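As structure tokens, the structure follows; a few thoughts come after it.
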Amino acid sequence: MISRKHLANAIRALSMDAVQLANSGHPGAPLGMADMAEVLWNDFLKHNPADPTWWDRDRFVLSNGHASMLLYACLHLSGYDLTLDDLKQFRKLHSKTPGHPERGLTPGVETTTGPLGQGLANAVGMALAEQVLSARYNCPGHRIVDHRTYALCGDGCLMEGVSQEACSLAGTLGLGKLTVLWDDNGISIDGHVGNWFAEDVPTRFEACGWHVVRNVDGHNADAVAAALHEAASIEAKPSLICCRTVIGYGAPNVCGSHDCHGAPLGCVEIDLARVELDWPHPPFFIPEDVARKWNARERGQAAQHAWKQSFVAYEAEYPDLAEEFRMVMQGDLPKSFETQADRFINAQQAEAQNVATRKASQNALNVFAPLIPSMFGGSADLTSSNLTNWKGCTRLSPGTLDGNYLSYGVREFGMAAIMNGLALHGGFIPFGGTFLVFSDYARNAMRMAALMELRTIYVLTHDSIGVGEDGPTHQPVEHVASLRLIPGMSVWRPCDATETAVAWKHALTRTKGPTSLILSRQNLKPQKRTLSQTNNIERGGYILRGEANNPEVVLIATGSEVQLAIDTADLLESLGRRARVVSMPCISLFEMQDPLYRSTVLPELSLRVAVEAGVMDGWWQIVGRDGLVCGMTGFGESGSGEALWRYFGFTPQALTSKILELLLRQDKIRNRLAQMLVCKG
Numbered sequence: 015m016i017s018r019k020h021l022a023n024a025i026r027a028l029s030m031d032a033v034q035l036a037n038s039g040h041p042g043a044p045l046g047m048a049d050m051a052e053v054l055w056n057d058f059l060k061h062n063p064a065d066p067t068w069w070d071r072d073r074f075v076l077s078n079g080h081a082s083m084l085l086y087a088c089l090h091l092s093g094y095d096l097t098l099d100d101l102k103q104f105r106k107l108h109s110k111t112p113g114h115p116e117r118g119l120t121p122g123v124e125t126t127t128g129p130l131g132q133g134l135a136n137a138v139g140m141a142l143a144e145q146v147l148s149a150r151y152n153c154p155g156h157r158i159v160d161h162r163t164y165a166l167c168g169d170g171c172l173m174e175g176v177s178q179e180a181c182s183l184a185g186t187l188g189l190g191k192l193t194v195l196w197d198d199n200g201i202s203i204d205g206h207v208g209n210w211f212a213e214d215v216p217t218r219f220e221a222c223g224w225h226v227v228r229n230v231d232g233h234n235a236d237a238v239a240a241a242l243h244e245a246a247s248i249e250a251k252p253s254l255i256c257c258r259t260v261i262g263y264g265a266p267n268v269c270g271s272h273d274c275h276g277a278p279l280g281c282v283e284i285d286l287a288r289v290e291l292d293w294p295h296p297p298f299f300i301p302e303d304v305a306r307k308w309n310a311r312e313r314g315q316a317a318q319h320a321w322k323q324s325f326v327a328y329e330a331e332y333p334d335l336a337e338e339f340r341m342v343m344q345g346d347l348p349k350s351f352e353t354q355a356d357r358f359i360n361a362q363q364a365e366a367q368n369v370a371t372r373k374a375s376q377n378a379l380n381v382f383a384p385l386i387p388s389m390f391g392g393s394a395d396l397t398s399s400n401l402t403n404w405k406g407c408t409r410l411s412p413g414t415l416d417g418n419y420l421s422y423g424v425r426e427f428g429m430a431a432i433m434n435g436l437a438l439h440g441g442f443i444p445f446g447g448t449f450l451v452f453s454d455y456a457r458n459a460m461r462m463a464a465l466m467e468l469r470t471i472y473v474l475t476h477d478s479i480g481v482g483e484d485g486p487t488h489q490p491v492e493h494v495a496s497l498r499l500i501p502g503m504s505v506w507r508p509c510d511a512t513e514t515a516v517a518w519k520h521a522l523t524r525t526k527g528p529t530s531l532i533l534s535r536q537n538l539k540p541q542k543r544t545l546s547q548t549n550n551i552e553r554g555g556y557i558l559r560g561e562a563n564n565p566e567v568v569l570i571a572t573g574s575e576v577q578l579a580i581d582t583a584d585l586l587e588s589l590g591r592r593a594r595v596v597s598m599p600c601i602s603l604f605e606m607q608d609p610l611y612r613s614t615v616l617p618e619l620s621l622r623v624a625v626e627a628g629v630m631d632g633w634w635q636i637v638g639r640d641g642l643v644c645g646m647t648g649f650g651e652s653g654s655g656e657a658l659w660r661y662f663g664f665t666p667q668a669l670t671s672k673i674l675e676l677l678l679r680q681d682k683i684r685n686r687l688a689q690m691l692v693c694k695g
């Protein structure tokens with residue numbers, strides 16, 4: 015009979031062999047966590063290796079993603095499409111086994127992890143998704159949503175602040191389907207953590223409303239199994255299982271030390287570990303009896319088949335709910351959505367309301383959210399400022415999990431990472447709000463959303479120095495530019511209600527990648543448009559004024575500065591200069607258009623002037639070296655919005671003066687060149 019320890023040693027052997035072959039990686043954690051993982055994967059995890067996307071599977075998150083070989087070993091052993099050859103390509107270019115787990119690259123990987131703490135927060139989002147969906151779609155006699163979320167984490171994850179943000183909220187909401195196993199080995203890269211991480215973690219989690227199983231021997235399979243059974247019996251609280259382990263377990267000379275954290279063990283130490291673990295097999299060899307015991311395909315297919323049968327019965331009794339559940343889990347929108355969205359966009363243009371774009375955003379939500387059952391909103395304690403709620407939304411609370419709006423509290427990073435978990439789980443299009451200046455708190459989770467191509471939406475209000483009296487701590491200057499730097503992040507800064515509605519439509523129909531909506535606090539004047547111009551908003555940039563002329567100057571602006579560009583164009587034309595105004599709410603989308611369209615909007619021979627009350631760097635690629643960027647060179651000030659616009663030179667008169675100065679300088683250069691050509695002739 016094969017012992018549990020022998021099954022766990024298969025994980026250890028594959029992990030240390032792959033790290034050694036790659037000459038890079040982290041062997042210590044997989045060796046220490048192998049016993050915990052073996053029990054969880056073989057006795058508790060409900061999954062089907064033949065179909066990693068089965069909707070009612072348990073979710074497994076390896077939050078300390080540097081231990082990736084533990085996950086890859088479990089995936090291979092249990093029967094996922096991950097071969098021994100794939101394991102031998104660990105950390106190599108274009109392999110299915112990258113250095114840290116990447117969602118969408120490796121079958122069975124639920125989320126991209128590595129930045130510590132975020133995987134744990136993703137798991138909170140997944141558990142939240144399960145409980146909301148179960149409250150919404152389960153009916154008497156039918157539990158089509160009934161799975162758990164498991165996460166493994168280390169000391170580093172619990173040191174990162176995002177884990178506290180997310181776990182505090184998980185305890186408050188009572189997410190009883192969430193179980194976290196803490197690899198309590200007392201080691202991080204710098205050594206023994208006692209000098210910098212000495213807090214009472216179990217008591218901290220109990221204070222946050224978690225059920226805690228203390229002092230579990232992480233190398234005793236029976237103790238781990240008993241703790242997992244106990245956690246499963248607690249329905250009203252998430253559970254933390256505190257597993258005492260030894261990092262590098264089985265490697266006799268480096269176990270218990272940070273020396274085995276992030277470096278290969280070496281051939282000599284691996285040979286000694288094979289003796290210590292009673293694993294007398296060559297590298298990458300798994301005995302047939304071990305492989306057979308690990309393989310989960312048969313029981314996984316049986317579990318999924320049973321679920322499919324239950325869904326057929328559910329569909330027969332509740333056809334409308336079944337159809338909606340299928341739609342949201344597939345990530346689809348109602349078939350009529352785009353038509354209704356276009357109708358709303360045209361209505362916004364016709365109504366020409368003078369509103370802040372944050373209010374225009376809420377107006378769009380009032381129309382779009384009731385159409386889309388998968389929309390799940392929230393705010394980091396700024397609902398009344400972000401205006402992220404809508405008529406008829408239901409606030410989530412510990413006693414009401416069948417909701418579609420969550421007050422995350424002052425937890426921007428936690429909110430963004432939980433939103434990622436909601437999107438990863440499926441069934442939701444999550445959006446969350448905060449002030450633009452506080453997007454810095456959430457930025458790494460926003461980056462991870464872009465890396466994973468998740469459909470998450472960030473409502474970022476109070477978008478400029480126009481915030482006024484709150485001063486530079488609340489006035490974003492570099493934030494729009496920094497968000498535009500994230501590959502795959504669609505950044506929209508609309509200038510009025512019509513552009514805001516188009517931005518929301520784009521965000522909701524965009525299935526691969528996150529969107530940031532940059533919105534104003536102050537009211538903005540509506541712009542006049544033809545039907546063609548309204549349609550061209552979806553191209554990211556378009557001619558708002560001066561379509562027919564051959565412009566000397568093209569003013570390119572976003573958000574509140576579009577009206578400034580219009581007023582400046584008026585002044586330039588009164589002085590005999592031909593001016594065009596281009597509204598560019600989404601630079602990345604405009605740059606995806608065909609060259610002919612882009613050159614039509616931005617003629618090569620015109621002076622290009624970008625106007626945006628933020629840092630100037632990103633605009634030079636659009637205006638060129640001979641162009642002009644009117645932006646900020648420092649932080650804002652405390653004062654009224656109107657006073658700040660004047661002080662920092664965002665007035666038609668100030669902009670016109672700069673433009674005329676540059677035009678005159680260019681005229682002189684052209685005249686001198688013409689004279690030189692005449693002389694040569």
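Start counting the sequence shown at 15; every next residue gets the next number (the working numbering).
Virtual Cβ for every residue (Gly too), placed ideally from N, Cα, C.
These numbers were taken from a predicted model, which means no experiment stands behind them.
(request) Quick one: residues in its chain with C-beta nearer than 6 Å to the C-beta of L242, no 5 flanking neighbours on either side, listed in chain order? (result) Residue 242 sits at position 228 when you count from the first residue of the sequence shown. Close CB contacts of L242 within its chain, under the 6 Å cut and outside five residues either way in sequence, are with F58 (chain order).
(request) Check whether the Cβ atoms of Q354 and A511 sit closer than 9 Å, and answer yes or no. (result) Position 340 of the sequence shown, counted from the first residue, corresponds to residue 354. Position 497 of the sequence shown, counted from the first residue, corresponds to residue 511. Remark: C-beta atoms of Q354 and A511 do not approach each other more closely than 9 Å.
(request) Measure from the alpha carbon of G502 to the alpha carbon of each residue in L335, V268, T529, G423, then state which is nearest. (result) Walking along the sequence shown from the start, residue 502 turns up at place 488. Measuring from the Cα of G502, the nearest candidate turns out to be T529.
(message) Applying the 10 Å Cβ sphere with the 16-neighbour rule, what's the burial state of Y661?
(response) Here residue 661 corresponds to residue number 647 of the sequence shown, with the count starting at 1. When all chains shown are included, Y661 counts as exposed.
(request) Go ahead and pull the three-state DSSP assignment for T125. (result) Stepping through the sequence shown from its first residue, residue 125 is reached at position 111. Here T125 sits in coil by DSSP.
(message) Any contact between the segment 40 to 58 and the segment 126 to 142? By contact I mean 3 or more CB pairs, one from each, below 8 Å.
(response) In short, these stretches do not touch, since the Cβ pair count stays below three.
(message) When you compare the CB positions of V268 and G122, do they come within less than 9 Å of one another, or not?
(response) The residue you call residue 268 lines up with position 254 of the sequence shown. The residue you call residue 122 lines up with position 108 of the sequence shown. Going by C-beta atoms, V268 is not nearer than 9 Å to G122.
(request) With a floor of 4 residues, list each alpha helix (DSSP H) that falls wholly inside the segment 556 to 637, ordered by position along the chain. (result) Runs of the alpha helix (DSSP H) spanning 4 or more residues and lying entirely within the segment 556 to 637 occur at 575 to 588, 601 to 605, 609 to 615, 634 to 637, in chain order.
(message) Taking 8 Å as the cut-off, is the C-beta of H20 nearer than that to any heavy atom in the ligand GDP?
(response) Ligands are entirely absent from the displayed structure, and the ligand GDP is therefore not among its contents.
(request) List in chain order: all unbroken beta strand (DSSP E) runs of 3+ residues lying wholly within the segment 478 to 543. (result) Fully enclosed beta strand (DSSP E) runs of 3 or longer: 504 to 506, 529 to 532.
(request) Give the straight-line distance between the Cα atoms of Y455 and E426, rounded to the nearest whole angstrom. (result) Within the sequence shown, the letter at position 441 stands for residue 455. Within the sequence shown, the letter at position 412 stands for residue 426. Looking at the two C-alpha atoms, the distance is approximately 6 Å.
(request) Could you tell me which residues DSSP pairs with T186 in its beta bridges? (result) By one-based count along the sequence shown, residue 186 stands at place 172. Partner(s): none; T186 has no beta bridge.
(request) Mind reading off the beta-carbon distance from Y419 to G440? Whole number of angstroms is fine, and I expect it under 8 Å. (result) For the purposes of this step, residue 419 is taken as residue 405 along the sequence shown, with counting starting at 1. For the purposes of this step, residue 440 is taken as residue 426 along the sequence shown, with counting starting at 1. The C-beta separation of Y419 from G440 comes to about 19 Å, leaving the pair out of contact by the 8 Å criterion.
(message) What does DSSP give as the partner residue(s) for L192 in the beta ladder?
(response) Within the sequence shown, numbered from 1, the residue matching residue 192 stands at position 178. L192 is bridged to T163.
(message) Taking 9 Å as the threshold (C-beta atoms), are S654 and G8 in contact?
(response) Residue 8 cannot be examined here, being either before or after the span of the chain that is shown, 15 to 695.
(message) Tell me which residues share the same chain as R288 and place their Cβ nearer than 7 Å to its Cβ, disregarding the 5 neighbours each side in the sequence.
(response) On the sequence shown, residue 288 is found 274 positions in, with the first residue counted as 1. Sequence-distant Cβ neighbours of R288 in its own chain, meaning closer than 7 Å and more than five residues away, are P294.
(message) Suppose you measure from the CA of N199 to the CA of V260; what does that come to, to the nearest Å?
(response) Locating residue 199 in the sequence shown gives position 185, where the first residue counts as 1. Locating residue 260 in the sequence shown gives position 246, where the first residue counts as 1. Between N199 and V260, the C-alpha separation is close to 5 Å.
(message) Give the list of continuous alpha helix (DSSP H) stretches no shorter than 4 residues that lie fully inside the segment 291 to 376.
(response) Look at the segment 291 to 376 and you find these whole runs of alpha helix (DSSP H), each 4 residues long or longer: 302 to 308, 311 to 331, 333 to 343, 351 to 365.
(message) Between the alpha carbons of D417 and A437, how many angstroms are there, rounded?
(response) Counting from one through the sequence shown, the residue named residue 417 turns up at place 403. Counting from one through the sequence shown, the residue named residue 437 turns up at place 423. Residue identity differs from the one stated: residue 417 is Gly in this sequence, not Asp. If you take the alpha carbons of G417 and A437, they lie about 16 Å apart.
(message) Starting from M258, trace the beta strand (DSSP E) in both directions and tell me its first and last residue.
(response) To locate residue 258, count along the sequence shown from 1; it is residue 244. According to the sequence displayed, residue 258 carries Arg and not Met. 253 to 258 is the extent of the beta strand (DSSP E) around R258.
(message) Buried or exposed for P508, going by 16 or more other Cβ atoms inside 10 Å?
(response) Counted from its first residue, the sequence shown places residue 508 at position 494. Flag for P508 reads buried.
(request) Would you mind giving the Cβ-Cβ distance between T548 and Q363, rounded to the nearest angstrom? I have them listed as a contact below 8 Å. (result) Residue 548 sits at position 534 when you count from the first residue of the sequence shown. Residue 363 sits at position 349 when you count from the first residue of the sequence shown. Separation of the CB atoms of T548 and Q363 is rounded to 5 Å, and the pair is thereby assigned contact status at 8 Å.
(request) Buried or exposed for L499, please, with buried defined as at least 16 other CB atoms from any protein chain shown within 10 angstroms of its CB. (result) On the sequence shown, position 485 is the one that residue 499 refers to. Exposed.
(message) Let me see if you follow: with CB-CB separation under 9 Å, is K542 close to chain B or not?
(response) Protein chains in the displayed structure number just one, and chain B is not present.
(message) Count Cβ pairs between the segment 173 to 190 and the segment 123 to 133 that sit closer than 8 Å; are there 3 or more?
(response) Touching, per the Cβ criterion.
(message) One question on the structure: do A668 and L642 come within less than 9 Å of each other, judged by their Cβ atoms?
(response) Translated into positions along the sequence shown, residue 668 becomes position 654. Translated into positions along the sequence shown, residue 642 becomes position 628. Judged by beta-carbon spacing, L642 lies beyond the 9 Å limit of A668, meaning their Cβ atoms are not closer than that value.
(request) Measure the C-alpha to C-alpha separation of I158 and V342 and round it to an integer number of angstroms. (result) Taking the first residue of the sequence shown as 1, we reach residue 158 at position 144. Taking the first residue of the sequence shown as 1, we reach residue 342 at position 328. If I take the Cα positions, the gap works out to 14 Å.
(message) List, from N- to C-terminal side, the beta strand (DSSP E) runs of 3 residues or more that fit wholly inside the segment 383 to 407.
(response) Here the runs fully enclosed are 389 to 393.
(request) Taking E670 and L586 to be in contact with their CB atoms under 8 Å, please state how far apart those CB atoms are, rounded to whole angstroms. (result) Residue 670 sits at position 656 when you count from the first residue of the sequence shown. Residue 586 sits at position 572 when you count from the first residue of the sequence shown. According to the sequence displayed, residue 670 carries Thr and not Glu. About 6 Å separates the two Cβ atoms, so the contact holds.
(message) Below 8 Å, how does it come out for the segment 459 to 467 and the segment 516 to 523: are there three or more Cβ pairs, yes or no?
(response) Taking 8 Å as the limit for Cβ pairs, the verdict is that the segment 516 to 523 does not touch the segment 459 to 467.
(message) According to DSSP, is S177 part of a helix, a strand, or is it coil?
(response) As a working mapping, residue 177 is identified with position 163 in the sequence shown. Here S177 sits in helix by DSSP.
(message) Excluding the 5 residues flanking L119 on each side, which residues of the same chain have their C-beta closer than 8 Å to its C-beta?
(response) What you label residue 119 is simply residue 105 of the sequence shown in a count that begins at 1. For L119, where only same-chain residues beyond five positions count, the Cβ hits under 8 Å are K110, P112.
(request) Pull up the DSSP beta-bridge partners for M646, would you. (result) Taking the first residue of the sequence shown as position 1, residue 646 is located at position 632. Per DSSP, V629.
(request) With DSSP collapsed to three states, give me the class of Q247. (result) Here residue 247 refers to the residue found at position 233 when the sequence shown is read from its first residue. Note on identity: in this sequence residue 247 is Ser, with Gln being the wrong assignment. Three-state DSSP puts S247 in a helix.
(request) May I ask which residues mark the beginning and end of the alpha helix (DSSP H) holding I25? (result) Numbered from its first residue, the sequence shown carries residue 25 at position 11. I25 -> alpha helix (DSSP H) spans 18 to 36.
(message) P115 and Y94 - do their beta-carbons sit closer together than 9 Å?
(response) Numbered from 1 along the sequence shown, position 80 holds the residue referred to as residue 94. Numbered from 1 along the sequence shown, position 101 holds the residue referred to as residue 115. Going by C-beta atoms, Y94 is not nearer than 9 Å to P115.
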